[in-house]
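Enquirer: Please find one structure pasted underneath; my questions will follow.
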Amino acid sequence: MSSDSAQQSPLSDFSSTPSSVDEDLQVYLKPEGEKIRLSLPRSTQMSGSTDWSEVWQQLKHRLNGSDRSWQPGTTVHLSAKDRLLDGRQLQAIADALEEVQLQLGRIDTSRRQTAVAAATAGYSVEQHSPIAPLSTSTSEAAPQWSQPLYLQTNVRSGVDVRHSGTVIILGDLNPGGTVIAAGDILIWGRLRGIAHAGAQGNRACRIMALRMEPTQLRIADAVAKAPETPPAQVDPEVAYIAPQGIRLTKGIDFFKTHSFSAEEGGWTDL
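Numbers given in my numbering equal positions in the sequence shown, counted from 1, plus 4.
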């Protein structure tokens, strides 16, 4: 990086957290490119971890103690880790950020309850698998999949939901909204945005919706764009990978008429 401060981005000029601070023990702010990361302490690493007031006081101290050299309206990505946050607490964080001209845009968490609260409030969210303790047995080295993420909300334009498991949405995925899942995606409503199932490479994953009107569908490494004319089909449908690429079929008959073939790398007709 150049030593000429005049050539630096405004975000590179501040840091409210000394380099010696343990990121799992204290609230800290850190510039990352064009955004700012706000990290909360882990519940499992903090004494009195259930005391929200302690986290809140640390947050206010960081925000008020920084030199505020960021651009007004800079987006903040909140790293909540394993901390449980409800809608009221997320709103309090968003309000505190707005007071210093920052905008909460995304929440990263390992807690499903926090992910649900964030998505319901209209924020982009990514739920990670909790960090598991190291195992001394090689037989326990199998991948750990997250439990399904259930959201009872509409995913609006500009919001993306990411999860290392299956995502089930009781609502619509609107144009401009995105859902990315390592597992299946089930939209109990209209799918009109972008859906990417099997994001970690699982070609057996599927995308299901009551009404399939996607902007784009992706399963593993396969991509399909929406047809130019809306389909006349109004039945619930399943998108899946066949040897020829992504295909659509009626959901009611899918498991009666299809079987996944690892050799073919996709679902085949029975």
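From the three backbone atoms N, C-alpha and C, an ideal C-beta is built for every residue, glycine too. Only a predicted model underlies this, so the values are computations on that prediction, with no experimental measurement involved.
1) Give me the Cα-Cα distance between Ala266 and Arg207, rounded to the nearest whole angstrom.
2) Which residues mark the beginning and the end of the beta strand (DSSP E) in which Val242 is found?
3) Report the option in Val183, Arg210, Ala203, Leu174 whose CA atom is closest to the CA atom of Gly193.
4) Per DSSP, which residues does Arg215 bridge with? Please list them.
5) If we ignore side chains and look at the alpha-carbon of each, how far apart do Glu144 and Pro152 end up?
6) What is the rounded straight-line gap between the Cα of Ser168 and the Cα of Leu155?
7) Are the beta-carbon atoms of Val238 and Arg210 separated by less than 8 Å?
8) Using the C-alpha atoms, what's the distance from Thr113 back to Arg38?
9) Between Ala125 and Leu106, how many whole angstroms is the CB-CB distance? I'm expecting something under 8 Å.
10) CB Arg196 to CB Thr233, shorter than 8 Å?
11) Near Asp188, which residues of its chain fall below 6 Å by C-beta distance, leaving aside the five closest residues on each side in sequence?
12) Work out the CA separation of Leu101 and Arg41 for me, nearest whole Å.
13) My assumption, with CB atoms under 8 Å, is that Gly270 sits in contact with Ala246. Please give the rounded CB distance.
14) Distance check for Gln30 and Asn68, CA to CA, integer angstroms please.
15) Report yes if the C-beta distance between Leu108 and Ile97 is below 8 Å; otherwise report no.
16) Helix, strand or coil for Ser143? Go by DSSP, reduced to three states.
17) Distance, Cα to Cα, Val4 vs Leu221?
18) Kindly provide the ranges of any beta strand (DSSP E) runs that are 3 or more residues long and lie completely inside the stretch 88 to 175, ordered along the chain.
19) Give the DSSP bridge partners of Asp188, in chain order.
20) Among Asp273, Val159, His262, which has the Cα closest to the Cα of Ile191?
21) If you count every other CB in all the chains shown that lies within 10 Å of the CB of Thr261, and 16 or more means buried, which is it?
22) To the nearest angstrom, how far is it from the Cα of Trp60 to the Cα of Val165?
23) Taking 8 Å as the threshold (beta carbon to beta carbon), is Leu174 in contact with chain B?
24) Between which two residues does the alpha helix (DSSP H) carrying Gln59 extend?
Expert: This is what the structure holds:
1) Using only the alpha carbons, I get a separation of about 9 Å.
2) 241 to 246
3) Leu174
4) Arg194, per the DSSP bridge assignment.
5) Per-residue confidence for Glu144 stands at a pLDDT of 40, beneath the threshold of 50, marking its modelled position as unreliable; the derived number appears in the next sentence. If you take the alpha carbons of Glu144 and Pro152, they lie about 21 Å apart.
6) Looking at the two C-alpha atoms, the distance is approximately 15 Å.
7) no
8) Note that residue 38 is Glu in the sequence shown here, rather than Arg. Their Cα atoms are separated by approximately 21 Å.
9) Not a contact, Cβ separation roughly 16 Å.
10) Not a contact, by the Cβ cut-off of 8 Å.
11) Thr170, Ala201, Cys209, Arg210
12) Looking at the backbone, the Cα of Arg41 and that of Leu101 are separated by about 12 Å.
13) 5 Å
14) Each residue's alpha carbon lies about 15 Å from the other.
15) yes
16) Residue confidence is low: Ser143 scores 38 on pLDDT, short of 50, so the model does not pin down where it sits. No coordinate-derived value is stated.
17) This structure cannot settle anything about residue 4, because the visible part of the chain is limited to 5 through 274.
18) 106 to 113, 128 to 131, 153 to 155, 164 to 167, 171 to 173
19) For Asp188, which the question treats as bridged, DSSP gives no partner whatsoever.
20) Val159
21) exposed
22) C-alpha separation (whole angstroms): 26 Å.
23) Protein chain content of the structure displayed is limited to a single chain, and chain B is not contained in it.
24) It is worth fixing the name first, because residue 59 is Val in this sequence and not Gln. Boundaries of the alpha helix (DSSP H) around Val59: 56 to 69.
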